[in-house]
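Below is one structure, written out as structure tokens, with a few remarks after it.
Number of protein chains: 2
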Amino acid sequence: MTAQPARTLRDLLDDNDIAGLQEWLAEHQPYEIADELARADAVRAVLLFRLLDKDRALTVFEELDPTDQHKVLSGLRDHAFRDVVERMNTDDRARLLGEAPAKFARRVLAGLSPNERALTAALLGYPEHAVGRYMTPETVAVRYYITAEEALAVVRAKGRRAETVYTLPVVDDRRGFVGTVSLGDLVLSPPDRQVLDIADTKTPKVQATDDVEEAARLMQDTNVLALPVTDSENRVLGLLTIDDAFEVIEAADTEDIARQSAATPWTGHYMSASVVQLARSRALWLLLLILAATLTVNVLQFFEDTLASVTALALFIPLLVGTGGNAGAQAATAAVRAIAVGEVRSRDVLKVAWRECRVGFVLGAMLATVALLVGTLIVDFTVAASVAVSLVVVCAWAATIGSVMPLLAKRVGIDPAVISAPLVTTLVDATGLIIYFLVAQFVFGL
Amino acid sequence: MTAQPARTLRDLLDDNDIAGLQEWLAEHQPYEIADELARADAVRAVLLFRLLDKDRALTVFEELDPTDQHKVLSGLRDHAFRDVVERMNTDDRARLLGEAPAKFARRVLAGLSPNERALTAALLGYPEHAVGRYMTPETVAVRYYITAEEALAVVRAKGRRAETVYTLPVVDDRRGFVGTVSLGDLVLSPPDRQVLDIADTKTPKVQATDDVEEAARLMQDTNVLALPVTDSENRVLGLLTIDDAFEVIEAADTEDIARQSAATPWTGHYMSASVVQLARSRALWLLLLILAATLTVNVLQFFEDTLASVTALALFIPLLVGTGGNAGAQAATAAVRAIAVGEVRSRDVLKVAWRECRVGFVLGAMLATVALLVGTLIVDFTVAASVAVSLVVVCAWAATIGSVMPLLAKRVGIDPAVISAPLVTTLVDATGLIIYFLVAQFVFGL
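Just so you know, the protein sequences line up as chains U and H, in that order. Under our numbering, the first residue of the first sequence carries the number 1418, and numbering increases by one thereafter. Under our numbering, the first residue of the second sequence carries the number 1418, and numbering increases by one thereafter.
What follows is the structure, given as structure tokens:
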């Protein structure tokens, strides 16, 4: 199923075989169609999208990333365009507009009914990474003093328009937050029971201005299907649903992973990204890193005499700096991830530093013995000894700064993931060389 | 809230202040308590856990990773021990046993009621990463021919024991899979409506033996709250719920990230991992990589005369290999992630290689100009020129193999994430040096 359709699809698109395309669409799931739309260029994507019937078109559309949604929409004529954006979920729409150029955003808002426009504008009022952008305002709230039976009646009456009916905010007469009640409990409890008795009043909640990634992690920690969102006066504004939280976390992981390799994260499908886009996302850091790397040139220049007198030392430069870099990268990656999932906090910095220092020492000692053997075999003992000793120091040093830097970054409010493996590696290269040559000078009594 | 309690907690635990501890427990959410349990050593963790009342104890316990669950359980006396394991969700229990030593597993199974033991044993029958290990067998299935009202009655009758009642498998008389119906639709549709009319018969489903990560990604792609799980005869066995899928994906991401830094992933809390555990998780790869790095020594030995005649070439070795390594790491990381989230498939290998080759070329050209300037300033033009030319070739080469290797790994059935940034870097180091010296020999006419 993976290999066949896509290849055929490409052909069908190229020779514009409408009947064949319709057949292909009928045979595939919305998420499979969405994937192909994301991979295709704008023209092909629109051609394919146009062939979908209204309802499927919307389902497929909602599976797309904002970038790809933008790609498809831009190619649609006004009526089709308006139809899609009008029927999108408010929160998805806000997300789409948040990342789209202003001109496009205006076209979307213009296409909306007054009511939808108001809802969307409200969400767009929140900062980019705020919960408000991601929450659904279309919820079914119930008053705390009505009965389970009455609450179910409310669900039946208003449920159709809501994005979820599994978690209902429980509110007082001024929409003040009281708690949440799950549809399951409403169904399972005696009809005359008061909502307040079945409601969960200790449920975690967030404010619309809170950071959405933290909110999503909170949902994950507390295993709730939806997180109530309130304003500063504790009035209920909407719900953050688990599928949105799921996407937020995945996007955050993708970003962190990109940053960990010193690339600037970009939204959108890898296969639809152009060479220029890919290059741009990586250029800045490579540039900064090569400038930082000129440090290593200076260091080596400083020790040029030592290098000249014992050329053999040069042979081990890549091995030494490479190994140190790897040890540092491992520590940095572990620390960044531990911070991201909330296992490590800024105030753990000393504890972490001390542990990683010992880890680096243990690893360095192990690698040193290997280097001593190999080095003695390939070159001679004295050089091998300098390499071995340096490895111990460099690994301990690399692991320590590798783990400490992300924590310090977090403390000063920088995304810890910015402390990428390449960044740590580059820094370790320069410092590692200094250590190496100082050790060598000592060993050779220079 | 972040800074204060934990520090106090440590003190409370140290001077065994029961009253104080109980107060602390009362003030904190289950997931916060779980986090502290994960960070504490076994003795402290058990002391704290014992102070929780039955119901909270279970909630907290279910927030823990298997490793930490094991840590806590091992310290409990038989009756408390039995009470916890008996009341765990079947799928959580199976996961706990899957990762625990046999002796411990036997103790758990011995503590179970015959019914729970049977359910657990059934799940344990599935391979480690199979959906069967993670699904909940405790579901409420409804026959396709009954009415919505009757279905709701079934939910009321059996719902209490089920892990979720939001997605109900719709089955025929021999438990054959027909589709799923959501509690929401049951509530919202007219009571006399037949279940089959409201059921979603096109919903995606998986088999209990399928890979759980793929199943979880499928849930994410299709935005379903629960995925029906069947056996090879299409009979319904249970449901994979979204909170479990969420955990599976997060665990997979954590694993991939660890692998990307050439560390062996381990389960459990970063702060509770010992120096030895951390070292062990990183040692193997560092060892392999340093052995691979001896290649660079040989390469340099081979070019030792060139190096001796133009010592200045040595100055740029770390900069050159470092930059090449970074370019390769970026490409590898991007490819691994794209594969993980299903954006790239093995058959895209040529398309990817060609794109990344051009990306590397563009980046290399950019960096070369910088190197040419800096190099000419620091040393001289000829050396700088060799470095610049090498950079272009090395970056193109690094980006290409960095992106291709994960795809090839996948094709031959190896986890693409094993193609870690350090691995790519190390390979690029050796090959990059060869390119560098060949270019240099040409430039200097040696």
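By construction, the Cβ of each residue, glycine as well, lies at the ideal position given by its N, Cα and C atoms.
For Leu1468 (chain H) and Arg1424 (chain H), the rounded distance between their alpha carbons: As a working mapping, residue 1424 (chain H) is identified with position 7 in the second sequence. As a working mapping, residue 1468 (chain H) is identified with position 51 in the second sequence. With a pLDDT of 49 at Arg1424 (chain H), under the threshold of 50, the predicted position of this residue should be treated as unreliable, though the coordinate-derived value follows. About 19 Å.
Beta-carbon proximity list for Leu1855 (chain H), same chain, < 6 Å, skipping 5 on both sides: Here residue 1855 (chain H) corresponds to residue number 438 of the second sequence, with the count starting at 1. Cβ neighbours of Leu1855 (chain H) beyond the five flanking positions: none.
Closest residue to Ile1450 (chain H) among H:Ala1474, H:Leu1712, H:Ala1574 (Cα-Cα distance): Here the question's residue 1450 (chain H) lines up with position 33 in the second sequence. Of H:Ala1474, H:Leu1712, H:Ala1574, the residue nearest in Cα terms is H:Ala1474.
Cβ of His1445 (chain H) within 8 Å of any chain U Cβ: Working through the second sequence from its first residue, we reach residue 1445 (chain H) at position 28. His1445 (chain H) does not count as touching chain U.
Chain C residues whose Cβ lies nearer than 7 Å to that of Arg1577 (chain U): The chain labelled as chain C is not found among the protein chains of the depicted structure, namely U and H.
Within chain H, partners of Tyr1561 (chain U) - CB distance below 8 Å: Along the first sequence, read from residue 1 onward, the residue named residue 1561 (chain U) stands at position 144. Taking a Cβ-Cβ cut-off of 8 Å, Tyr1561 (chain U) has no neighbours in chain H, whose nearest Cβ is about 20 Å from it.
Proximity test, Cβ basis, 8 Å: Val1501 (chain H) and chain U: Here residue 1501 (chain H) refers to the residue found at position 84 when the second sequence is read from its first residue. Taking Cβ atoms only, chain U never reaches closer than 8 Å to Val1501 (chain H), which makes this a no.
Interface residues of chain H facing Ile1659 (chain U) [CB-CB closer than 8 Å]: Along the first sequence, read from residue 1 onward, the residue named residue 1659 (chain U) stands at position 242. The answer, in chain order, is Leu1642, Ile1659, Asp1660, Phe1663.
Extent of the continuous beta strand (DSSP E) run through Ala1643 (chain H): If you number the second sequence from 1, residue 1643 (chain H) lands on position 226. Start and end: 1643-1647.
Spatial distance of Ala1729 (chain U) from Ala1813 (chain H) (CA atoms): One-based indexing of the first sequence puts residue 1729 (chain U) at position 312. One-based indexing of the second sequence puts residue 1813 (chain H) at position 396. Rounded to the nearest angstrom, the two C-alpha atoms are 30 Å apart.
Gly1655 (chain U) in three-state terms, based on DSSP: As a position in the first sequence, residue 1655 (chain U) is number 238, starting the count at 1. In this structure, Gly1655 (chain U) counts as strand in the three-state DSSP scheme.
For Ala1547 (chain H): DSSP bridge partner residues: Counted from its first residue, the second sequence places residue 1547 (chain H) at position 130. Its beta-bridge partners are H:Asp1628.
Short CB-CB distance (under 8 Å) between Phe1733 (chain U) and chain H: Numbered from 1 along the first sequence, position 316 holds the residue referred to as residue 1733 (chain U). Output row for Phe1733 (chain U): interface = yes.
Sequence-distant residues of its chain with Cβ nearer than 8 Å to Glu1630 (chain U) (five each side left out): Here the question's residue 1630 (chain U) lines up with position 213 in the first sequence. Here the set comprises His1546, Val1665, Ile1666, Ala1669.
Alpha carbon of Asn1743 (chain H) to alpha carbon of Gly1596 (chain U), nearest angstrom: Taking the second sequence and counting its residues from 1, the one referred to as residue 1743 (chain H) is at position 326. Taking the first sequence and counting its residues from 1, the one referred to as residue 1596 (chain U) is at position 179. The C-alpha of Asn1743 (chain H) lies about 50 Å from the C-alpha of Gly1596 (chain U).
Cβ shell of Gly1437 (chain U) (< 6 Å), same chain only, five flanking positions each side left out: The residue you call residue 1437 (chain U) lines up with position 20 of the first sequence. Hits under 6 Å: Leu1429.
Assigned exposure category for Lys1827 (chain U) - 16 Cβ within 10 Å defines buried: Working through the first sequence from its first residue, we reach residue 1827 (chain U) at position 410. So Lys1827 (chain U) counts as buried.
Terminal residues of the beta strand (DSSP E) in which Gly1596 (chain U) lies: Position 179 of the first sequence, counted from the start, is the residue given in the question as residue 1596 (chain U). Here the beta strand (DSSP E) through Gly1596 (chain U) covers 1594-1599.
Residue-chain proximity (Gln1677 (chain H), chain U), Cβ-Cβ < 8 Å: For the purposes of this step, residue 1677 (chain H) is taken as the residue at position 260 of the second sequence. The beta carbon of Gln1677 (chain H) falls within 8 Å of a beta carbon belonging to chain U, placing the residue at that interface.
Cross-chain neighbours of Leu1706 (chain H) in chain U, by beta carbon under 8 Å: What you label residue 1706 (chain H) is simply residue 289 of the second sequence in a count that begins at 1. Near Leu1706 (chain H) (Cβ distances below 8 Å), the residues of chain U are Gly1739, Thr1740, Asn1743.
Anticipated Cβ contact below 8 Å, Phe1889 (chain U) with Ser1491 (chain U), distance rounded: A query on residue 1889 (chain U) cannot be resolved here, the shown segment of chain U reaching from 1418 to 1863 and no further.
Cβ neighbour criterion (16 or more within 10 Å) applied to Ser1606 (chain U): Walking along the first sequence from the start, residue 1606 (chain U) turns up at place 189. Ser1606 (chain U) comes out buried.
Simplified DSSP state of Thr1564 (chain H), which is helix, strand or coil: Taking the second sequence and counting its residues from 1, the one referred to as residue 1564 (chain H) is at position 147. Residue state for Thr1564 (chain H) is assigned as strand, using DSSP reduced to three classes.
Gln1439 (chain U) to Arg1573 (chain U) span [Cα, whole Å]: The residue labelled residue 1439 (chain U) in the question sits at position 22 within the first sequence. The residue labelled residue 1573 (chain U) in the question sits at position 156 within the first sequence. Looking at the two C-alpha atoms, the distance is approximately 37 Å.
Enclosing beta strand (DSSP E) for Leu1585 (chain U) [first to last residue]: On the first sequence, residue 1585 (chain U) is found 168 positions in, with the first residue counted as 1. Unbroken beta strand (DSSP E) run through Leu1585 (chain U): 1584-1588.
Pro1483 (chain H) and Leu1529 (chain H) closer than 8 Å at C-beta: Locating residue 1483 (chain H) in the second sequence gives position 66, where the first residue counts as 1. Locating residue 1529 (chain H) in the second sequence gives position 112, where the first residue counts as 1. Taking 8 Å as the Cβ cut-off, Pro1483 (chain H) and Leu1529 (chain H) do not qualify as a contacting pair.
is_contact[Ile1852 (chain U), chain H] using C-beta, thresh 8 Å: Numbered from its first residue, the first sequence carries residue 1852 (chain U) at position 435. Ile1852 (chain U) does not count as touching chain H.
8 Å Cβ cut-off: residues of chain H touching Arg1699 (chain U): Indexing the first sequence from 1 puts residue 1699 (chain U) at position 282. Chain H residues near Arg1699 (chain U): Ala1744, Gln1747, Val1776, Leu1780.
Exposure label - Gln1421 (chain H); buried when at least 16 CB within 10 Å: Counted from its first residue, the second sequence places residue 1421 (chain H) at position 4. Its pLDDT being 47, under 50, Gln1421 (chain H) is placed unreliably by the model, and nothing is read from it.
C-beta neighbour in chain H for Met1688 (chain U), strict 8 Å: Within the first sequence, numbered from 1, the residue matching residue 1688 (chain U) stands at position 271. At least one chain H Cβ lies under 8 Å of Met1688 (chain U).
8 Å Cβ cutoff, Thr1618 (chain H) in contact with chain U: Within the second sequence, numbered from 1, the residue matching residue 1618 (chain H) stands at position 201. It does not; no Cβ of chain U falls within 8 Å.
Collapsed DSSP secondary structure at Asp1617 (chain U) in the structure displayed: Numbered from 1 along the first sequence, position 200 holds the residue referred to as residue 1617 (chain U). Asp1617 (chain U): strand per DSSP, three-state reduction.
CB contact check: Ile1818 (chain U) to chain H, cutoff 8 Å: Indexing the first sequence from 1 puts residue 1818 (chain U) at position 401. Residue-level contact check: Ile1818 (chain U) does not touch chain H, since none of the beta carbons of chain H fall below 8 Å from its beta carbon.
Interface partners of Met1822 (chain U) on chain H, CB under 9 Å: The count along the first sequence starts at 1 and reaches residue 1822 (chain U) at position 405. The CB of Met1822 (chain U) never comes closer than 9 Å to any CB in chain H; the least such distance is about 14 Å.
Residue span of the alpha helix (DSSP H) that contains Phe1375 (chain U), given as start and end: Within the shown structure, residues of chain U are numbered from 1418 to 1863, placing residue 1375 (chain U) beyond reach of any answer.
Span of the alpha helix (DSSP H), counted from its first residue to its last, around Phe1854 (chain H): Along the second sequence, read from residue 1 onward, the residue named residue 1854 (chain H) stands at position 437. Note, Phe1854 (chain H): alpha helix (DSSP H), 1838-1860.
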